[in-house]
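Read the structure below first, then the notes.
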Ligand code: SF4
Ligand code: SF4
């Protein structure tokens with residue numbers, strides 16, 4: 010699968026190609042599951058696991074580097090799509106972040122005005138959300154009203 014982690018990647022060039030490739034790869038993966046195949050760990054996977062555990066410790070506070078531009082219209086979608094209730098709106102309906110972020114970047118991806126950004130890295134990066142899931146469905150699951 011491709012990553013829509015906009016903090017680290019710009020998907021503008023690659024998303025359609027990667028989606029096509031993912032569809033091919035998934036067929037093999039599904040077949041492998043059906044066959045109950047067990048894959049051996051590669052030598053790098055334990056190292057990746059260690060790196061992940063170190064990095065995830067910093068994830069919760071990475072929202073300190075989120076900024077909200079004047080393009081914000083106060084719609085509250087960012088609050089509704091956050092799976093962990095990390096976004097709230099101030100008296101001017103401007104979002105702020107509460108530092109237990111999971112770095113899912115849903116708030117960045119679903120903002121209709123591209124108003125939420127990570128430092129100065131994401132302003133010109135493409136936003137992507139899976140077309141099969143509307144923000145209202147996430148809102149219903151999260152119940153962050
Ligand atoms: S989703 Fe975007 S426009 Fe809406 S309140 Fe959040 S930052 Fe503002
Ligand atoms: S939606 Fe995701 S990235 Fe945004 S504040 Fe919530 S956990 Fe963090």
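Residue numbers (our numbering): 10 to 154.
Here a beta-carbon is modelled for each residue, glycine too, at the ideal position from N, C-alpha and C.
Here the structure is a predicted model, which means the values were calculated and not measured.
task = Put residue 127 into one of helix, strand or coil per three-state DSSP.
result = The sequence position of residue 127 within the chain shown is 118, counting from 1. Residue 127: strand per DSSP, three-state reduction.
key: One or two residues paired with residue 75 in a DSSP bridge   = Here residue 75 refers to the residue found at position 66 of the chain shown. Paired residue(s): 127.
request  = Quick one: grab the DSSP three-state call for residue 97.
outcome  = By one-based count along the chain shown, residue 97 stands at place 88. In the structure shown, residue 97 sits in a strand (DSSP, three-state: E or B).
ask   = Does ligand 1 have a heavy atom nearer than 7 Å to the CB of residue 107?
value = By one-based count along the chain shown, residue 107 stands at place 98. No.
key: Sequence-distant residues of the same chain with beta carbon closer than 6 Å to residue 107, five excluded per side   = Along the chain shown, read from residue 1 onward, the residue named residue 107 stands at position 98. Non-local C-beta neighbours of residue 107 in its own chain, meaning closer than 6 Å and more than five positions away in sequence, comprise 95, ordered along the chain.
Residue 18 (DSSP reduced to helix, strand or coil) = The residue labelled residue 18 in the question sits at position 9 within the chain shown. In this structure, residue 18 counts as coil in the three-state DSSP scheme.
Contact under 8 Å by Cβ, residue 92 with residue 151 = Within the chain shown, residue 92 is the residue found at index 83, counting from 1. Within the chain shown, residue 151 is the residue found at index 142, counting from 1. Yes, these two residues count as a Cβ contact at 8 Å.
query = Alpha carbon to alpha carbon, what distance is there between residue 146 and residue 36?
reply = Here residue 36 is taken as the residue at index 27 of the chain shown, counted from 1. Here residue 146 is taken as the residue at index 137 of the chain shown, counted from 1. About 27 Å.
query = According to the Cβ coordinates, are residue 14 and residue 114 closer than 8 Å?
reply = Residue mapping note: residue 14 aligns to position 5 of the chain shown, counting from 1. Residue mapping note: residue 114 aligns to position 105 of the chain shown, counting from 1. Contact flag set, yes.
message = Spatial neighbours of residue 71 within its chain, please: C-beta separation below 8 Å, excluding the five flanking residues on both sides.
response = Taking the first residue of the chain shown as position 1, residue 71 is located at position 62. Excluding sequence neighbours, residue 71 sits near 16, 110, 112 and 127.
ask   = So what's residue 55 in DSSP terms, helix, strand or just coil?
value = Walking along the chain shown from the start, residue 55 turns up at place 46. Residue 55 falls in the helix class under three-state DSSP.
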